[in-house]
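Single-structure report; data block below.
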Amino acid sequence: MATLQTQISPSSDTFRANAERMRALVADIAEKAASVERGGSDEARERHVSRGKLLPRERLAQLLDTGSPFLEVGQFAAWSMYGEDIPSAGIITGVGRIEGAEVMVVVNDATVKGGTYYPLTVKKHLRA
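Every letter in the sequence shown is one number past the one before it in this note's numbering, and letter 1, counting from 1, is 383.
Here it is as structure tokens:
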């Protein structure tokens, strides 16, 4: 197979500026993803735990095969759409492995507005 040639110079000022900008964008996405993964507000999370319930991502971790990958779908659904925080549109969806079989998983997050379904929640659920 032929090797593709490039005119890009990793030592050029343009390359370095673009690389730095990309690192900043990746860091921003990682920060937003961490925020979304927390789910609802601290108050809602504390209330959920005080009732003896597992948080959604804890339930998900117990459901999936230990150490298996989970490909989350639509993590940023409803981001900045409804004028308030609706992390992941209130449900976690993705492909994971249970008992060795790859399956689509839908986990409702009651810490996000008490589990309320928004129009985008329904759309995300139906796509799963």
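We put the beta carbon where it would ideally sit given N, CA and C, even for glycine.
Quiz item: Roughly how many angstroms separate the alpha carbons of Glu454 and Glu428, rounded to a whole number?
Solution: 24 Å
Quiz item: Since Gly472 and Gly497 are thought to touch, with beta carbons under 8 Å apart, how far apart are those beta carbons, to the nearest angstrom?
Solution: 7 Å
Practice problem: Give a yes or no on contact between the stretch 452-466 and the stretch 499-507, applying the rule of three or more CB pairs nearer than 8 Å. | Solution: yes
Quiz item: Between the Cα of Ala443 and the Cα atoms of Leu386, Ser394, Arg479, which residue gives the shortest distance?
Solution: Arg479
Quiz item: Using CA coordinates, which residue listed in Ser450, Gly421, Lys495, Asn490 is at the minimum distance from Ala483?
Solution: Ser450
Self-check item: Simplified DSSP state of Met486, which is helix, strand or coil
Solution: strand
Quiz prompt | C-beta contact flag for Pro501 and Val418 at 8 Å | solution = no
Exercise. State buried or exposed for Val431, treating a residue as buried only when at least 16 other CB atoms are found within 10 Å of its CB.
Key: exposed
Quiz item: How many Å lie between Glu481 and Arg439 at the Cα?
Solution: 18 Å
Quiz prompt | Close beta carbons around Leu446, own chain, < 7 Å, minus the five adjacent residues each side | solution = Phe452, Gly478, Arg479, Ile480
Quiz item: What span of residues does the beta strand (DSSP E) with Glu454 cover, start to end?
Solution: 453-455
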